[in-house]
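*Asks:* Residue numbers (our numbering): 3 to 199.
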Amino acid sequence: MSIPKKPRKCRVCKSEFQPVRCLQQTCSFDCEVKLGMIHAERSKAKREKAERIAEIASTKILREKLKTKRDWIKEAQIAFNAYIRSRDRGLPCICCGKTLGHSSEIGGAFDAGHYRSVGSAPHLRFDERNCHAQNKVCNRYGSGRAVDYRIGLIARIGLEAVESLDADQTPREYTIDELRAIKSHYVAKLKELKNGN
Ligand SMILES: [Zn+2]
Ligand SMILES: [Zn+2]
Numbered sequence: 003m004s005i006p007k008k009p010r011k012c013r014v015c016k017s018e019f020q021p022v023r024c025l026q027q028t029c030s031f032d033c034e035v036k037l038g039m040i041h042a043e044r045s046k047a048k049r050e051k052a053e054r055i056a057e058i059a060s061t062k063i064l065r066e067k068l069k070t071k072r073d074w075i076k077e078a079q080i081a082f083n084a085y086i087r088s089r090d091r092g093l094p095c096i097c098c099g100k101t102l103g104h105s106s107e108i109g110g111a112f113d114a115g116h117y118r119s120v121g122s123a124p125h126l127r128f129d130e131r132n133c134h135a136q137n138k139v140c141n142r143y144g145s146g147r148a149v150d151y152r153i154g155l156i157a158r159i160g161l162e163a164v165e166s167l168d169a170d171q172t173p174r175e176y177t178i179d180e181l182r183a184i185k186s187h188y189v190a191k192l193k194e195l196k197n198g199n
């Protein structure tokens, strides 16, 4: 290899120098050392970034693994309720017939209210016939709304369906996999609704 004749610019201090080696990038031993340090810093930063990303991913996986059945029930319920609120948008409140509040987002102006409550009939928590959009005041502060809810429900789904809900005492036990499936089922149904299908 021939020694280059033209002067070059040092990669570190930017001064011009006359190279004596073919691939020489720096003007001096000092700049050569500095360049080595710069490269080392760069690959260290790259490595650390990759490590951070891997750590975040494994934390996510761990968090998923640590979720209890209760957590999954909660997440499936949130997805189910969000679907119900979206399904019933535009309908009146199931119990009082008043217009629903405007927002259907989580914590919005109306709830997905269960006819037979999740507390007393947890086996009907994911039954679409048992859950309808209801104004917050009616759902949360209207414990005397049960009779009105039943009347509204009969009008909406028919007496037969209401009586079958009334009589339903079959317990449901869900596995975590089933709860995960319920959650994604309702996430998908909500998406479909929002896309206007
Ligand atoms: Zn230099
Ligand atoms: Zn109401």
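We put the CB at the ideal spot given by N, CA and C, even for glycine. In this text, all values refer to a predicted model and were calculated from it rather than measured experimentally.
Distance, Cα to Cα, Ser128 vs Glu162?
*Replies:* According to the sequence provided, residue 128 is Phe. The question's Ser does not apply to it. Using only the alpha carbons, I get a separation of about 19 Å.
*Asks:* What's the call for Phe112, buried or exposed, on a 16-neighbour Cβ count within 10 Å?
*Replies:* buried
*Asks:* Could you check whether the Cβ of Val22 sits closer than 7 Å to any heavy atom belonging to ligand 1?
*Replies:* no
*Asks:* In three-state DSSP terms, what is Gly115?
*Replies:* strand
*Asks:* Quick one: Cα of Gln136 to Cα of Arg44, how far?
*Replies:* If I take the Cα positions, the gap works out to 58 Å.
*Asks:* With a cut-off of 8 Å, do at least 3 Cβ pairs link the region 68–85 to the region 174–194?
*Replies:* yes
*Asks:* Evaluate Gly90 with the Cβ neighbour count: other Cβ atoms within 10 Å of its Cβ, from every protein chain shown; 16 or more gives buried, anything less gives exposed.
*Replies:* Looking at the sequence provided, one finds Asp at residue 90 rather than Gly. Buried, because 16 or more other Cβ atoms sit within 10 Å of the Cβ of Asp90.
*Asks:* Whole-angstrom Cβ separation of Val14 and Leu37, contact assumed at under 8 Å?
*Replies:* 5 Å
*Asks:* On the three-state DSSP scale, how would you describe Thr101?
*Replies:* strand
*Asks:* For a test of the three-state rule: what should DSSP assign to Lys185, helix, strand or coil?
*Replies:* helix
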